[in-house]
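Note that this note's numbering has the sequence shown beginning at 3, numbered continuously upward.
Every residue, glycine too, gets a C-beta built ideally from N, C-alpha and C.
Given the structure is predicted, the values throughout are model-derived calculations rather than measurements.
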Amino acid sequence: MRTQVGIVGAGPAGLMLSHLLHLQGIDSVVVETRTREAIEATIRAGVLEQGTVDLMVETGVGDRLKREGFEHGGFELRVDGEGHRIDLRGLTGGRSVTVYAQHEVLKDLIARRLEDGGKIAFGVRDTSVHDVTGSPVIRYTDAEGRPQSLECDVVAGCDGSYGICRQAIPESVRQEYLRIYPFGWFGILAKAPPSAHELIYARHDRGFALISTRSETVQRMYFQCDPNDRVDNWSDDRIWAELQARVAGDGFRLKEGEIFQRNIVPMRSFVCEPMQHGRLFIAGDAAHTVPPTGAKGLNLAVADVVVLARALENFFRRNDTAGLDGYSATATRRVWRAQHFSWWFTSLMHRFEEVSPFDARRQRAELDMVLSSHAAQQVLAENYAGLPLR
Ligand code: PHB
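Below is the structure:
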């Protein structure tokens with residue numbers, strides 16, 4: 003088999019890249035270890051920046067998003083029981099975010115790729131990439147157990163944090179930047195109506211909490227926890243008591259309901275540079291991870307492949323390699339902006355156990371600044387709503 007762009011991974015980066023390339027008449031094949039059913043059933047966060055929404059609408063995959071997504075013109079910062087609205091729209095000149103879960107984005111992209119005759123090999127195993135500085139080949143065993151070999155001009159590594167593609171960049175070439183936070187998020191899905199119209203990011207002496215949503219009937223909530231804690235240590239009553247305590251104040255109470263999923267999310271910041279080696283280009287979580295506080299993960303993946311798709315268009319149409327040569331530098335500029343923002347918002351809102359008295363007071367002063375300064379709120383809003391994609 004032969005294609006122009008071999009894409010490893012059918013997540014947001016891989017599928018969006020395949021879709022954007024198709025619109026430019028460039029052929030690609032996506033290989034993915036999971037089945038289509040598994041991908042479409044994995045409930046994951048989705049706070050889509052304005053730029054991500056606009057891209058989906060402009061490229062014809064935004065109909066359901068426009069119908070079913072929840073557009074949010076702001077969010078709440080809740081500090082020690084007092085709510086403060088961050089008016090995204092007002093502070094950014096009209097930008098908003100849309101809450102639409104990641105697996106819904108994936109469903110829309112998969113459906114569209116298949117409608118357009120796109121090739122996605124689901125359920126493959128033993129994927130490996132070869133000769134990325136010469137004539138790249140992707141080898142894998144397909145769902146029927148047959149060995150396959152896919153020759154390509156370019157490989158796009160969109161296979162997530164634990165994928166194989168990043169490892170194909172020699173260690174002597176790549177530089178990895180990692181920060182691990184001394185806490186995790188305990189996340190739940192509950193059958194309950196929304197407790198508020200907008201997301202709530204709460205800072206409390208007991209630790210951070212986030213009140214998010216999946217639909218009119220399913221809510222997603224998190225509270226800061228010990229990263230080594232175990233979900234079995236927490237009864238439903240204890241979970242609700244903890245969440246209620248962290249958002250209490252102004253007479254506010256969360257609407258409770260049956261908890262049907264619990265997990266502990268580790269928190270880390272990670273970047274691998276360069277995001278390229280020879281004809282291999284990595285994108286999304288394969289190249290970087292952000293802590294979820296700023297909700298940037300999916301949006302960054304999309305931003306990477308917008309840059310990559312444009313570079314590939316110039317390469318295949320005009321044999322112009324300038325875009326590909328500059329891919330890593332262009333993409334990492336935005337990546338590091340988002341890294342800084344995600345680190346900053348995480349640091350501002352969480353409780354740090356081993357903090358010096360000075361840093362504890364400094365964190366309070368910083369919160370005070372964000373709550374009282376229009377300029378500081380503008381910086382927060384601009385970063386949260388996201389920089390334009392172009
Ligand atoms: C989520 O709904 O899972 C979610 C929302 C906002 C975040 C992180 C996660 O910042």
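query, result
"Proximity below 8 Å, CB of L282 to CB of V134", "yes"
"Short Cβ contact (8 Å threshold) for P229 with P268", "yes"
"Proximity to W242 [Cα-Cα], best of M223, G280 and P172", "M223"
"Own chain, CB closer than 8 Å to I88, minus 5 neighbours either side, in chain order", "G76, F77, E78, L79, Q379, L382, A383 and Y386"
"CB contact flag (A145, F124, <8 Å)", "yes"
"Residue from H199, D231 and L212 with nearest C-alpha to E218", "H199"
"Residues proximal to the ligand PHB by C-beta, any heavy atom closer than 5 Å", "A47, V49, S214, R222, P294 and A297"
"Runs of beta strand (DSSP E) lying entirely within the stretch 90-115, each at least 3 residues, in chain order", "99-101"
"Continuous alpha helix (DSSP H) stretch holding G53: start and end", "Q52 to E60"
"Pairwise C-alpha distance: A324 and L23", "18 Å"
"Opposing strand residues paired with G159 [DSSP bridges]", "V10 and I284"
"Whole-angstrom C-beta distance between V126 and V157, which should lie under 8 Å", "Wrong, their Cβ atoms sit about 15 Å apart, outside the cutoff."
"Closest residue to F1 among C167, G328 and D82 (Cα-Cα distance)", "Nothing about residue 1 can be read from this structure; the chain reaches only from 3 to 392."
"Runs of beta strand (DSSP E) wholly within the stretch 123-210 (minimum 3 residues, chain order)", "127-132, 139-143, 149-159, 177-193 and 202-205"
"Length of the line joining the Cα atoms of E275 and T334", "8 Å"
"Buried or exposed (CB count within 10 angstroms, at least 16 for buried), M18", "buried"
"D89 beta carbon near the ligand ADP (any heavy atom closer than 7 Å)", "No copy of the ligand ADP appears in this structure; the ligands present are the ligand PHB."
"Extent of the continuous alpha helix (DSSP H) run through L302", "G299 to R320"
"Selected residue, minimal CA-CA separation from L212, among R320, V233 and I190", "I190"
"Residue range of the beta strand (DSSP E) that includes P268", "E260 to E275"
"Exposure label - E178; buried when at least 16 CB within 10 Å", "exposed"
"Q226, DSSP secondary structure in three states", "strand"
"CB contact check: A170 to chain C, cutoff 8 Å", "Considering every chain present, this structure includes no chain C. It has just one protein chain."
"For G85: DSSP bridge partner residues", "R80"
"Beta-carbon spacing of R208, R248 below 8 Å", "yes"
"Whole-number beta carbon distance between C227 and F185, since they are thought to touch under 8 Å", "7 Å"
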